[in-house]
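Numbered per my numbering, the sequence shown spans residues 7 to 198.
Where a beta carbon is used, it is the ideal one built from N, C-alpha and C, also for glycine.
Computed from a predicted model, the values in this text were never measured in an experiment.
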Amino acid sequence: MKLKLILIGLGLVLGAVYLSACCGSTKCSTPHHKHSFYEHSATSIDGKEISMEEYKGKVVLVVNTASNCGFTSQYEGLQELYSKYKDKGLVILGFPCNQFAGQEPGTNEEIVQFCQKNYGVEFPMFSKIDVNGEYTHPLYIYLKDEKSGVGGKSIKWNFTKFLVDREGHVVERFGTAKTPESIEKNILELLN
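So this is what it looks like as structure tokens:
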């Protein structure tokens, strides 16, 4: 009986260690940690559930965006890259986030209108999410686990970019100051 209790206790300890190693803490925010970009999904800005599997075989640039940021003009460069390379297999996914100085306060409808009116954004946009903290979207948990930034995993500001290759591997992470134009070469390497 004692041996059985010891084995059960050992099993619980090992389970907690596994969760900690797998998810970064014993309180995993996803039902089970997903190990592939394509296992994730997100809600589009118009309310449809989109599987990242839809982008299989494409080069994907994932960006957390904001409408009232000093870097908001990067929408223009992102749209230019998308227009230039979408037929060669590039897709850009915009994820509005209001976690940095409240610079994305609008509703999904207001965000769409702003992006289209001011920057002619045609690339896929998603519903507003959290990229840090307790309510971090599972896709961003995955992206940050795959590629840490200069100061660790957390996103430091708007317009952080993750570059995903055609096989779904997160190959690079770029901070806010890296403009879309400055990473064109990195994108081209994956497209060719």
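{"query": "Could you tell me whether the region 143-163 touches the region 41-50, using the rule of 3 or more Cβ pairs below 8 Å?", "result": "yes"}
{"query": "Any heavy atom of the ligand ATP within a distance shorter than 6 Å of the CB on LYS92?", "result": "Among the components modelled here there is no ligand, and therefore nothing to report on the ligand ATP."}
{"query": "Exposed or buried, what is GLY139 when buried is set at 16 or more other beta-carbons lying within 10 Å of its beta-carbon?", "result": "exposed"}
{"query": "Might you give, ordered along the chain, the residues of its own chain that have their beta carbon closer than 6 Å to the beta carbon of PHE129, omitting 5 neighbours on each side?", "result": "TYR88, ILE98"}
{"query": "Quick one: any contact between the region 107-120 and the region 153-162, if contact means 3 or more CB pairs under 8 Å?", "result": "no"}
{"query": "Have a look at LYS150, GLY53, VAL65, PHE120 and flag the residue whose alpha-carbon is nearest the alpha-carbon of THR78.", "result": "PHE120"}
{"query": "State buried or exposed for VAL69, treating a residue as buried only when at least 16 other CB atoms are found within 10 Å of its CB.", "result": "buried"}
{"query": "Could you name the residues of the same chain whose beta carbon sits closer than 6 Å to that of GLU59, not counting the 5 residues immediately before and after it, in chain order?", "result": "TYR44"}
{"query": "Using beta-carbon positions only, say whether GLY83 and GLU187 come within less than 7 Å of one another.", "result": "yes"}
{"query": "Could you name the residues that DSSP lists as bridge partners for GLU55?", "result": "THR49"}
{"query": "Give the range of the alpha helix (DSSP H) segment to which ASN124 is assigned.", "result": "114-125"}
{"query": "Residues in its own chain within less than 6 Å of CYS75 by CB, not counting five upstream and five downstream?", "result": "GLN109, ASN164"}
{"query": "Does the Cβ of ALA183 have 16 or more other Cβ atoms within 10 Å, making it buried, or fewer, making it exposed?", "result": "exposed"}
{"query": "Just the Cα atoms here: how many angstroms apart are PRO111 and ASN104?", "result": "6 Å"}
{"query": "Spell out the partners DSSP gives ASN70 in its beta bridges.", "result": "PHE101"}
{"query": "Report the three-state DSSP secondary structure of LYS167 (helix, strand or coil).", "result": "strand"}
{"query": "Using a threshold of 7 Å, state whether the C-beta atoms of LEU96 and VAL65 are closer than that.", "result": "yes"}
{"query": "Buried or exposed, going by whether 16 or more other CB atoms sit within 10 Å of the CB of SER57?", "result": "exposed"}
{"query": "Can you name, in chain order, every residue of its own chain whose Cβ lies under 6 Å from the Cβ of PHE106, other than the five neighbours on each side?", "result": "TRP163, ASN164"}
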